[in-house]
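**Q** So the mapping is simple: the working numbering equals the position in the sequence shown, first residue as 1, plus 233.
Every residue, glycine too, gets a C-beta built ideally from N, C-alpha and C.
Computed from a predicted structure; not experimentally measured.
Dropping a structure here in structure tokens format, bear with me for questions.
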Amino acid sequence: MEKIQREKRSLEDLNVIDDFLMNAAASDREGGEEFCRLILSTLLEREVGKIHINTQKVISAGAPNLRGIRMDVEIIESAGELINVYDIEPCRYHKRGLEKSNRFYQAKIDSRYMESGERDFTKLPNLYIITILPYDPFGENYMMYQIINQCLEVPGLEYKDGLRYIYFNTTGRPAIRELLQYFQNSTETNARSERLQRIHEHVKKVKVLPEVREEFMRLDDIIYYEREEADQNRAVQDILEL
């Protein structure tokens, strides 16, 4: 059987769409808040106020046989009494069942904001599940798809559940398109605007932090060998099915 070879990537080769680098930049104590504010302000096309950041937030399952989730970057924006929660999920690969995956994430995230016995559901914050992709997930040639719940019988009826799914890909308005292209190829050449140059400075900084390099080497070895083993197992299964 021919062994399947998978090329390992260096930390320098990573782009912001790689969740490891996204999390490293977002969790940086000195620049993570500005990094996230710049990204969110560009995507939403408005200035974002005071924020709190959680990276690699694990929400465990309610029972051993059930599935939990690991959020990439959670940003909590407080504007007076209004609270907006943004779950930013960069994804390099075509993801099977993308819409239902986001539905599952939304349910797990919402479950954290209601304590046992709480009856006032107005306390739930607004929730935005933001997925950043290197491809058009719905094939309709839009840079952004915003999905909200609505009434089929009365399309104009406002349904105030505070939930919105936003899917971004690399086509569309210049500022957002440039940011998304930078996500895919995070080089100085692609940092064309002042805002992107500031983002790129954060990215360059975290790539040389000793703790980030150490964590990447440990994590990358685990991922590399797990994927290599999975490829070999699939190859064996293909041979058995011939």
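1. Tell me the rounded alpha-carbon separation between D246 and V387.
2. Taking only the alpha-carbon atoms, compute the straight-line gap between E345 and K333 and give it to the nearest angstrom.
3. If we count the other Cβ atoms within 10 Å of its Cβ and call it buried at 16 or more, is E373 buried or exposed?
4. Between I409, T422 and Y338, which has its C-alpha nearest V306's C-alpha?
5. Reducing DSSP to helix, strand and coil, say where D252 ends up.
6. Would you give the residue range spanned by the beta strand (DSSP E) that D320 belongs to?
7. Apart from the five residues just before and just after E267, which ones in its own chain have a Cβ nearer than 8 Å to its Cβ?
8. Leaving out five residues before and five after K480 in sequence, what residues of the same chain have Cβ atoms less than 8 Å from its Cβ?
9. Going by the DSSP bridge assignment, what does Q379 pair with across the sheet?
10. Just reading off the alpha helix (DSSP H) that N335 is part of, what are its end residues?
11. Quick check on this structure: which residue in H285, P407 and D261 has the alpha carbon closest to the alpha carbon of R428?
12. Give me, in chain order, the residues of the same chain whose beta-carbon lies closer than 8 Å to that of I316; leave out the 5 immediate sequence neighbours on both sides.
13. Distance check for L254 and V318, CA to CA, integer angstroms please.
**A** The relevant details are as follows:
1. 49 Å
2. Inspection of the sequence shows that residue 345 is occupied by Arg rather than by Glu. The straight-line gap from Cα to Cα measures roughly 19 Å.
3. exposed
4. Y338
5. helix
6. L315 to P323
7. R431 and H435
8. For the chain, the structure presents residues 234 to 475; residue 480 sits outside this window and is missing.
9. I399
10. L331 to S344
11. P407
12. I309, E310, P358 and N359
13. 21 Å
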